[in-house]
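The structure appears below as structure tokens.
Numbering (the working numbering), first residue to last: 33 to 444.
Given below as structure tokens:
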């Protein structure tokens, strides 16, 4: 897609807006800000991050082929519609929370995303059928599957089931397959595609991919087990955990071998971002396995710091760093630039510090030690590094690296 660099910058702008709103949300815990309400801003933050940065950012690379002019114009129109819906959600959620305008914008984005999924399905046809293409297909199916949870909310509200277990299961269904289906497999597909283009063998065999798919589907039982602790629900989740650990072990061995092989073929910061993202993915699997233990599950679901930390670990540590790596590998960011290094360093430092503070404070709550002194101020200070880093990356002019052939630079 010839406009890929421009759309990547637009997606980065969504990330910047989401990060700034995140800092405002942190500030509300310290001082009262007139005319701002926490929950509507939280909805604006999450929708802009998930449907703006993550969705459009991943689509940029899934659509990165050489289409004809008619296809290019069609994709451009669809992306502008999706981005317009993101802006609409940002403004309407900030003002009214869930209301007629925000719901309409969400529906518009969802319908547009279906058409973009179709475009991505076609664009990834040339990819390796037993490697990156199969991962991309699973990601796209995961996205479509996740939206069933959103479509279920309307009938549930119409039948007076707001606030019931099945209502919350529908929301968790959407989030589960967005995080663990769509974003997870799309990130692996992008990495796999790069590895294939560098001549590396297919990193994940079909059996490992099937383990991931079955484990992902079955692990939705964890969301149900929180409210319905029947033995068979817990058993299904336990099977899911074992499958994911098995898949994670096989994936770790394959990725380590491939990463070592490709180490000299990528610039240092690109290699770092990919490696960090893959390590975080492994950490996520271990944490999900731990939650299968009932006391740990209760702790994880009842302590909000853990919930926020886990979501941010996945979205910032795994998906965002992988998207940064893809831009570096295409030469859109040049890691020899001081500004790019500063931007990436600030963002990575902010991510590590905020995650450390969230999980540390959650642990203090768990053991009964209460709030650490100056916690909210420290968290705000660490969070400010995130938008600062993104702003520097946006201000840096994107390079003119080619879209399809990834730029190879000497590792510095």
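The beta carbon of each residue, even a glycine, is placed where N, CA and C say it ideally should be.
Note that the structure is a prediction, hence the values are computed from the model and not measured.
| Item | Value |
| --- | --- |
| Rounded separation between residue 310 and residue 190 - CA only | 42 Å |
| Reduced DSSP secondary structure (H/G/I, E/B, other) of residue 36 | helix |
| Nearest candidate by alpha-carbon position, reference residue 46, set 154, 88, 243 and 286 | 88 |
| Residue from 410, 72 and 284 whose Cα sits closest to the Cα of residue 59 | 410 |
| Cβ shell of residue 243 (< 8 Å), same chain only, five flanking positions each side left out | 275, 276, 278, 279 and 282 |
| Cβ-based burial, residue 100 [other Cβ within 10 Å; buried from 16] | exposed |
| Under 9 Å between C-beta atoms of residue 67 and residue 125 | no |
| Opening and closing residue of the alpha helix (DSSP H) in which residue 145 lies | 132-155 |
| Alpha carbon of residue 202 to alpha carbon of residue 371, nearest angstrom | 43 Å |
| Status (buried if at least 16 other CB within 10 Å, exposed otherwise) for residue 241 | buried |
| Inter-residue Cα distance where the pair is residue 248 and residue 355 | 22 Å |
| Segment contact flag, the region 333-347 with the region 379-395, C-beta cutoff 8 Å, min 3 pairs | yes |
| Residue environment, residue 403, which counts as buried when at least 16 other CB atoms sit within 10 Å | exposed |
| For residue 217 and residue 174, believed in contact at Cβ under 8 Å, the rounded distance | 6 Å |
| Residue 437, buried or exposed, once every other Cβ within 10 Å from all chains shown has been counted against 16 | Since pLDDT at residue 437 reaches only 45, below the 50 mark, its modelled position is unreliable, and the value read off the structure follows with that caveat. That one is exposed. |
| CB contact below 9 Å: residue 254 versus chain C | No chain C is present in this structure, which holds just one protein chain. |
| Spatial neighbours of residue 129 in its chain, beta-carbon cut-off 7 Å, leaving aside the 5 residues before and after | 71, 72 and 75 |
| The region 98-117 touching the region 134-146, judged by at least three CB pairs closer than 8 Å | yes |
| Backbone secondary structure at residue 354 - three-state DSSP | helix |
| Candidates 77, 267, 375 and 182, of which the one nearest residue 344 by Cα | 77 |
| At least three beta-carbon pairs within less than 8 Å, the region 105-114 to the region 361-371 | no |
| Residue 443 in three-state terms, based on DSSP | Per-residue confidence for residue 443 stands at a pLDDT of 41, beneath the threshold of 50, marking its modelled position as unreliable; no derived number is given. |
| Per-residue DSSP class, three states only, for residue 427 | helix |
| Among 207, 163 and 425, nearest to residue 286 - alpha-carbon criterion | 163 |
| Option nearest residue 323 by Cα separation, candidates 364, 300, 284 and 272 | 272 |
| Option nearest residue 225 by Cα separation, candidates 96, 425 and 198 | 96 |
| Reference residue 42, options 90, 69, 132 and 205, closest by Cα | 90 |
| For residue 383, the nearest candidate out of 121, 92, 269 and 308 (CA to CA) | 308 |
| Pairwise C-alpha distance: residue 357 and residue 303 | 7 Å |
| Inter-stretch contact at 8 Å, needing at least 3 Cβ pairs: the region 252-259 / the region 169-183 | no |
| Spatial distance of residue 200 from residue 153 (CA atoms) | 31 Å |
| Nonlocal neighbours in the same chain, by C-beta distance under 6 Å from residue 205, ignoring five residues either side | 181 |
| Residue 63, buried or exposed, once every other Cβ within 10 Å from all chains shown has been counted against 16 | exposed |
| Residue environment, residue 143, which counts as buried when at least 16 other CB atoms sit within 10 Å | exposed |
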